[in-house]
Every structure is written in structure tokens, then in C-alpha cells.
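So the structure is just underneath, and the comments pick up after that.
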Amino acid sequence: MGEPAREDERFMAAALRLARRNLGLTSTNPSVGCIIVNKGTIVGRAVTAPGGRPHAETQALAEAGEKARGATAYVALEPCSHHGKTPPCADALIASGVGRVVVSILDPDERVAGRGVVMLRGAGIDVDIGTLHEEGGRVLEAYLMRQRKKRPHVTLKLAVSADGMIGRRGEGQVRISGAVSRAQVQVLRAETDAILVGIGTAIADDPELTVRMPGLEERSPVRIVLDRRLDLPLESKLVRTARDVPLIVVTGDAGYPSSHEQGAGARRADEGQSSLPLSSGSTREPVLSPLAEAGTDYDARRGALEAAGAELLSADTIPDLLAALASRGISSLLVEGGARAARSFLDADLVDRILLFTGPAAIGEGGISSPFQRTSVPEGFTLRRTTRYGDDIFEDYERDS
Ligand code: AOF
Ligand code: ZN
Numbered sequence: 304m305g306e307p308a309r310e311d312e313r314f315m316a317a318a319l320r321l322a323r324r325n326l327g328l329t330s331t332n333p334s335v336g337c338i339i340v341n342k343g344t345i346v347g348r349a350v351t352a353p354g355g356r357p358h359a360e361t362q363a364l365a366e367a368g369e370k371a372r373g374a375t376a377y378v379a380l381e382p383c384s385h386h387g388k389t390p391p392c393a394d395a396l397i398a399s400g401v402g403r404v405v406v407s408i409l410d411p412d413e414r415v416a417g418r419g420v421v422m423l424r425g426a427g428i429d430v431d432i433g434t435l436h437e438e439g440g441r442v443l444e445a446y447l448m449r450q451r452k453k454r455p456h457v458t459l460k461l462a463v464s465a466d467g468m469i470g471r472r473g474e475g476q477v478r479i480s481g482a483v484s485r486a487q488v489q490v491l492r493a494e495t496d497a498i499l500v501g502i503g504t505a506i507a508d509d510p511e512l513t514v515r516m517p518g519l520e521e522r523s524p525v526r527i528v529l530d531r532r533l534d535l536p537l538e539s540k541l542v543r544t545a546r547d548v549p550l551i552v553v554t555g556d557a558g559y560p561s562s563h564e565q566g567a568g569a570r571r572a573d574e575g576q577s578s579l580p581l582s583s584g585s586t587r588e589p590v591l592s593p594l595a596e597a598g599t600d601y602d603a604r605r606g607a608l609e610a611a612g613a614e615l616l617s618a619d620t621i622p623d624l625l626a627a628l629a630s631r632g633i634s635s636l637l638v639e640g641g642a643r644a645a646r647s648f649l650d651a652d653l654v655d656r657i658l659l660f661t662g663p664a665a666i667g668e669g670g671i672s673s674p675f676q677r678t679s680v681p682e683g684f685t686l687r688r689t690t691r692y693g694d695d696i697f698e699d700y701e702r703d704s
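In this note's numbering, the protein residues as written are 304 to 704.
Rendered as C-alpha cells:
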């Protein structure tokens, strides 16, 4: 007989690994993993299905069938107790005859909030709560943030050159990080509900912000551009793909306080260039020019963007924007650049995690300064992990709670 606690952790770790698999696919539902174990053997395993239903438990129980009787169910999140779009998982667990349920995290959804556990215990099932709760809290962090704070969990991603720059003035994308980092960013995007950039970056880089990795293509998150004046060009890749992958254009002051007082060129120089890694190290001019420069007035620009499939969203502050995104079920947001967008979120104290990629080369003259670099990460963040991706140093910082 192994130690029961150890065994619980081992199976819960497996349930959490399963949960990770569908991160970014189940919104507005959390991605939950469930493992059913009978006498030390896994007889059922499942993760919340893409789109959020069916829930994990019902699928895992279906696989286990009769073998669920007397078994232990390991679930990342407390089984639901409500009649939502599907019947309660707590009822399904009771009906299956499982003898014990091990839960990592209690569900803060007000329809559940402990009732799942009460139902299970009421039916004579042993319930243990809190196994690997730290890890469980990380896997479910986006869902928990939206439930508890009514805003998405915000990750800021920055790629910074050895001399602390995120790009070069007047240029499109400049190579900062290498191929391994680029692949990591694709995985990150696939796990995220939405990606955000500022208009300067959208114009300077003309990014598509989709996931382009074999097997992950269908996981492209919602793209969001902070664009107070509606400068996003109709010929940009973002607009041209707006019918296939949702695009939200944010107007109002959240789309940059003060940016309207500056000329487009000044804004571009100040905030242009995302930290997006690039296809070539070439020096080229920004690929696009702002829509306003075409002489179209605001209402016409608005109409044209909407006709192209973009959705316009007005928000006056970053907190307002985040609340609006949360109310549409967006639980995780990846801020990808540029410097001004990064600063807006940092100034609002609304960054939960910072992923910093530091490349080996210097940008030199004409560089656009990063809001911070390895030696000057804002206070209130703790380094959780550091590793090398090729020649890049990768650091993962978490906000102190
Ligand atoms: C579970 N197992 O795999 C998931 C759960 O809209 P509904 O009916 O699908 O309910 C959504 C809620 O269900 C969600 O807010 C959360 O409380 C729970 N998610 N619960 O038992 C699962 N994904
Ligand atoms: Zn459920």
C-alpha cells in the first residue's frame, strides 16, 4: 500500500495535466480534468469538451461504466451542483456509485460554491478538498480570476533585446527572440481566450495574432486592438481575417488616453513595434498607414470596420475594458505589445503575470525602450521560473497576491 496522500497527489497531477490540455478551448467554462481510479487503475479520464460541454465528470464516468462503483474520482474543480446546460455532475457521480471524490479547488461559481461537495457528502461519499491546490489554482487561474474579480487574468508578454529594447523606431517587426521562443508564444496564444495589442503595433507590424502551429490552428483567440481613433487599416491582416477569427476594436479612452493629440507618426514611433518575434531580421518601413490618413471620417471608418467583420467596443478605462471582456466570458488575456499598451496595463495595476523573453542581440540606435527589462521588473512581481529557449532567456513572473 502506497501512502494514500501521495497517491492522491499523483492522480490529481494527472487530472490537472488533462485540464491543461483544453485551456483556451472551453470558455466561458473552465477546463476541468477528471480521473476515475479503481483499485489503483485508471478506468476513466476526461477533460471538459471544447465549447465547455459536456463537463469532465460525465465523460469520465461514461468511460468507466460499471468500474466507477467504489472507485475514487479526482477532479480539478468541485463537481457542479446546478442544472445548467447539463445536469449536475454531483448527481452523475452519486448515481455512478463512486465511493470517494478528491477535489483540488472549490468552484466559486455562485450556483455551485460548496453545494457540489454538500450533495456528494449528503449521499455518503467521502470528499477530500485541496489536493495540489496550488497547482490547481494555477491551472484554473483565469477562470478563478473572472469568477472572483469579474475580470480576465492578464498576462503581459514582452520580448526584449539585450540592450533593453522592444524594437526600432519606424520599422516593422524586428527579430528579438528566437525560434524556440516563437513556438512557445504560439502555445501560449492557443491557451489564451484573447490577445491584445495597441494600434501602434498593429500598424507597424501588421500582425495576424492567430495561432499557426500544426494541430493548434483552431485555437486562435479573439484578437483585440486598442484603437481610440479607429486607425486600424482595412488592408491589415487583422481586419482581413476578421470574418474567420473574431476581432474587437476598442474605442474610447481605454484605447489610449492622449493618443489622439499626437500625429499618427508620433504615436507609431512611441509605441510601435510589438515584442512579436518575426519572420525576418530585415529593416523595413511600417507596412501600413493609419486609416485616418486615407481621409475617411470617423463614422465612415467605424462603418467600414464593422462591415469588414470587426466588432467595436467602447471602454473608457482599462478596468472598464476588462469588465466588458469578462462579461463576454473572456477569462484570460495576453497583452502582446507595444510599450504603451504594456504601460497602460501596468499603470492600472492590472497585470497578473509577466513573461519576459530576453534575446541575445542588441538593437542599438533608434531602439524603442521596453517599459522594463530583466534587471528592472516592476515591484510586486516574483520570479517563478527561469529557463533558456535557444539563445533566449525566458522568465516567468507572478504578481504577489
Ligand atoms: C464541472 N465539470 O468539467 C466544468 C464545470 O453552463 P454550464 O451548465 O456548462 O455550467 C457552467 C459552470 O459549470 C461553470 O461556471 C462552472 O461552475 C462549472 N464548470 N463543472 O462539474 C466541468 N467545466
Ligand atoms: Zn458539471
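By construction, the Cβ of each residue, glycine as well, lies at the ideal position given by its N, Cα and C atoms.
Checklist entry - Among all residues, which have a Cβ less than 5 Å from at least one non-hydrogen atom of the ligand ZN, and in what chain order do they fall? => result HIS358, CYS383 and CYS392
Item to check | 6 Å CB neighbourhood of ASP429 in its chain, flanking five on each side removed | outcome: Taking the first residue of the sequence shown as position 1, residue 429 is located at position 126. Taken in chain order, the residues that qualify are ARG403.
Next on the checklist: Please classify VAL421 as buried or exposed, where buried requires at least 16 other C-beta atoms within 10 Å of its C-beta.
Outcome noted: What you label residue 421 is simply residue 118 of the sequence shown in a count that begins at 1. Burial call: exposed.
Checklist entry - Can you round the beta-carbon distance between THR337 and GLU360 to whole angstroms, since I take them to be within the 8 Å contact cut? => result Locating residue 337 in the sequence shown gives position 34, counting from the first residue. Locating residue 360 in the sequence shown gives position 57, counting from the first residue. In the sequence as presented, Thr is not what sits at residue 337; that position holds Cys. 5 Å between Cβ atoms; contact.
Checklist entry - What does DSSP give as the partner residues of ASN332 in its beta bridges? => result Numbered from its first residue, the sequence shown carries residue 332 at position 29. The partner list for ASN332 (beta bridge, DSSP) is empty, contrary to what the question assumes.
Item to check | Bounding residues of the beta strand (DSSP E) (the contiguous stretch that carries MET468) | outcome: Here residue 468 corresponds to residue number 165 of the sequence shown, with the count starting at 1. Taken as a continuous stretch (DSSP letters only), the beta strand (DSSP E) holding MET468 covers 468-471.
Next on the checklist: For a quick check, are the C-beta atoms of LEU409 and GLU381 less than 8 Å apart?
Outcome noted: What you label residue 409 is simply residue 106 of the sequence shown in a count that begins at 1. What you label residue 381 is simply residue 78 of the sequence shown in a count that begins at 1. Closer than 8 Å, so yes.
Checklist entry - Quick one: does the C-beta of ARG449 sit closer than 7 Å to a heavy atom of the ligand AOF? => result Counted from its first residue, the sequence shown places residue 449 at position 146. Not under cutoff, so the answer is no.
Checklist entry - For HIS358, which three-state DSSP category applies? => result Along the sequence shown, read from residue 1 onward, the residue named residue 358 stands at position 55. Coil at HIS358, not helix or strand.
Checklist entry - Can you tell me whether DSSP reads VAL553 as helix, strand or coil? => result Position 250 of the sequence shown holds residue 553. VAL553: strand per DSSP, three-state reduction.
Checklist entry - So does PRO333 have its beta carbon nearer than 7 Å to some heavy atom of the ligand AOF? => result In the sequence shown, the residue the question calls residue 333 occupies position 30. Checking every heavy atom of the ligand AOF against the Cβ of PRO333, one is found closer than 7 Å.
Next on the checklist: For a minimum of 3 consecutive residues, which ranges assigned as the beta strand (DSSP E) are wholly contained in the region 419-457?
Outcome noted: 429-432
Checklist entry - Which same chain residues, not among the five before or five after PRO560, have their C-beta less than 6 Å away from its C-beta? => result Stepping through the sequence shown from its first residue, residue 560 is reached at position 257. Annotation note: pLDDT 43 at PRO560 (below 50); position unreliable, coordinate value reported separately. Correct list: empty, nothing qualifies.
Checklist entry - Would the C-beta of ASP496 count as close to the ligand AOF, meaning under 7 Å from any of its heavy atoms? => result By one-based count along the sequence shown, residue 496 stands at place 193. No, Cβ of ASP496 sits at least 7 Å from all heavy atoms of the ligand AOF.
Next on the checklist: I'd like the span of the alpha helix (DSSP H) that includes LEU594, first residue to last.
Outcome noted: Counting from 1 along the sequence shown, the entry for residue 594 is found at position 291. Note, LEU594: premise wrong, no alpha helix (DSSP H); not H, not E.
Checklist entry - Does the beta-carbon of ALA322 have 16 or more other beta-carbons within 10 angstroms, so that it is buried, or is it exposed? => result For the purposes of this step, residue 322 is taken as residue 19 along the sequence shown, with counting starting at 1. Its Cβ being crowded by 16 or more others within 10 Å, ALA322 is buried.
Checklist entry - Could you give the distance in angstroms between the alpha-carbon of VAL548 and the alpha-carbon of GLY373? => result Residue 548 sits at position 245 when you count from the first residue of the sequence shown. Residue 373 sits at position 70 when you count from the first residue of the sequence shown. Rounded to the nearest angstrom, the two C-alpha atoms are 45 Å apart.
Next on the checklist: Give me, in chain order, the residues of the same chain whose beta-carbon lies closer than 7 Å to that of ILE432; leave out the 5 immediate sequence neighbours on both sides.
Outcome noted: On the sequence shown, residue 432 is found 129 positions in, with the first residue counted as 1. Excluding sequence neighbours, ILE432 sits near VAL406, LEU409 and VAL420.
Next on the checklist: At the level of alpha carbons, what is the spacing between THR690 and PHE697?
Outcome noted: By one-based count along the sequence shown, residue 690 stands at place 387. By one-based count along the sequence shown, residue 697 stands at place 394. A straight line joining the alpha-carbon of THR690 with that of PHE697 spans about 5 Å.
Next on the checklist: Between VAL680 and ILE657, how many whole angstroms is the CB-CB distance? I'm expecting something under 8 Å.
Outcome noted: Reading the sequence shown from its first residue, position 377 is the one you call residue 680. Reading the sequence shown from its first residue, position 354 is the one you call residue 657. So it is a contact: roughly 7 Å between Cβ atoms.
Checklist entry - Does DSSP put SER679 in a helix, in a strand, or in coil? => result Taking the sequence shown and counting its residues from 1, the one referred to as residue 679 is at position 376. SER679: helix per DSSP, three-state reduction.
Checklist entry - When the Cα atoms are used, what is the spatial distance from ARG478 to PRO536? => result Along the sequence shown, one-based indexing puts residue 478 at 175. Along the sequence shown, one-based indexing puts residue 536 at 233. Each residue's alpha carbon lies about 24 Å from the other.
Checklist entry - Do you know offhand how far ARG677's Cα is from ILE339's? => result Taking the sequence shown and counting its residues from 1, one reaches residue 677 at position 374. Taking the sequence shown and counting its residues from 1, one reaches residue 339 at position 36. ARG677 and ILE339: Cα-Cα distance of roughly 43 Å.
Checklist entry - Span of the beta strand (DSSP E) holding GLU609? => result The sequence position of residue 609 within the sequence shown is 306, counting from 1. Premise fails: GLU609 lies in the alpha helix (DSSP H), 601-610, not in any beta strand (DSSP E).
Item to check | Cβ distance (whole Å) where TYR446 is taken to contact PRO593 below 8 Å | outcome: Stepping through the sequence shown from its first residue, residue 446 is reached at position 143. Stepping through the sequence shown from its first residue, residue 593 is reached at position 290. Contact doesn't hold; Cβ gap of about 37 Å is too wide.
Checklist entry - Which residue from SER484, ALA651, ILE506 and GLN362 puts its Cα closest to that of LEU461? => result For the purposes of this step, residue 461 is taken as the residue at position 158 of the sequence shown. Answer by Cα proximity: SER484.
Checklist entry - Looking at C-alpha atoms only, which residue of VAL457, LYS342, LEU396 and ALA367 is the closest neighbour of ALA626? => result Your numbering for residue 626 matches position 323 in the sequence shown. Here the closest residue by C-alpha is VAL457.
Checklist entry - Residues in its own chain within less than 7 Å of ARG449 by CB, not counting five upstream and five downstream? => result Position 146 of the sequence shown, counting from 1, holds the residue named residue 449. Taken in chain order, the residues that qualify are PRO455, ALA629 and SER634.
Checklist entry - Since LEU625 is in the beta strand (DSSP E), which residue starts that stretch and which ends it? => result Counted from its first residue, the sequence shown places residue 625 at position 322. Counted as a single uninterrupted DSSP element, the stretch harbouring LEU625 is not any beta strand (DSSP E) but the alpha helix (DSSP H) occupying residues 621-630.
Next on the checklist: Can you give me the C-alpha to C-alpha distance between GLY518 and GLY427, rounded to a whole angstrom?
Outcome noted: The residue labelled residue 518 in the question sits at position 215 within the sequence shown. The residue labelled residue 427 in the question sits at position 124 within the sequence shown. Spanning the two alpha carbons is a distance of roughly 43 Å.
Next on the checklist: Can you tell me where the beta strand (DSSP E) holding SER617 begins and where it ends?
Outcome noted: Numbered from 1 along the sequence shown, position 314 holds the residue referred to as residue 617. Per DSSP, SER617 belongs to the beta strand (DSSP E) from 614-617.
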